[in-house]
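Positions -24 to -1, 1 to 171 (mature numbering (1 follows the signal peptide of the UniProt record, and there is no 0)) are the ones given, in order, by the sequence shown. The C-beta atom is built at its ideal place from N, Cα and C for all residues, glycine as well. One structure is given here, and the rest of the page talks about it.
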Amino acid sequence: MMKPTTVRARVLAVLLTAVACLTAGCSSSGEEQEGAGEIMGAETAPPESPTGAAEGEETGTEEADVAALEQLYRDYWKALIALENGDALDPGLFEGIATPGVTEEQISRVQPMKDDGIRREGEPAVDDPVVELISDDSARIESCVDPENWTAVRNGENLPIQSAGKSPRVVLAERTSGTWLISEERPSEEAVLTC
């Protein structure tokens, strides 16, 4: 039989590793945007007809897509923060924001933390996103995230977290039926952005 202190030390080591992995994947800027309390997908207006669109109107559609994707990214981080800060694992937080596959990945990632009675408090600082349109219906979004003010708590006590500090986050987005959704998280090593 193992000593209780050995068991506690091993459990704490596993939890700290899990929290460090979680810290490497989530964040928000703390800056409130108009409509910041709402978590919703980013819908864009249908593109202008190619036959009647002037050259500047095509750029306007691109600008609308970039603005929609920036808001989608902010909404995604609001959902991530709500998921980790909340008591329940609510997949509805990602409705209209992320694909079912991404939603399932996030729930699965946070489940062990919740099972161990750990939740987050505060929120990370998420810099303004940088959007790259890959095609008419796909995009890459990056930003720097600093988890410094996003702590882990169990039973009211703060847990020490090993933080990599401010680092880049990368997601891919796809437009389906006129709505942009986060479709994949990519490793931070793939980021073009440096933090």
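- Counting only runs of 4+ residues, no alpha helix (DSSP H) is found wholly inside the region 84 to 112.
- If you ignore the 5 residues before and after Ala74, its C-beta comes within less than 7 Å of the C-beta of Tyr52, Leu157 and Ile158, all in its own chain and listed in chain order.
- Nearest in C-alpha terms to Ala58, of all of Ala43, Glu39, Val42 and Ile83, is Ile83.
- Annotation for Ala140: no beta strand (DSSP E) segment contains it, and DSSP assigns it neither H nor E.
- Cα atoms of Pro136 and Ser153: separation of roughly 44 Å, rounded to the nearest angstrom.
- Glu150 has Ser114 and Leu157 as its beta-bridge partners, per DSSP.
- In the structure shown, the three-state DSSP call for Glu133 is strand.
- CA-to-CA, the gap between Arg116 and Gln47 works out to about 13 Å.
- Around the beta carbon of Ser111, fewer than 16 other beta carbons lie within 10 angstroms, which makes this residue exposed.
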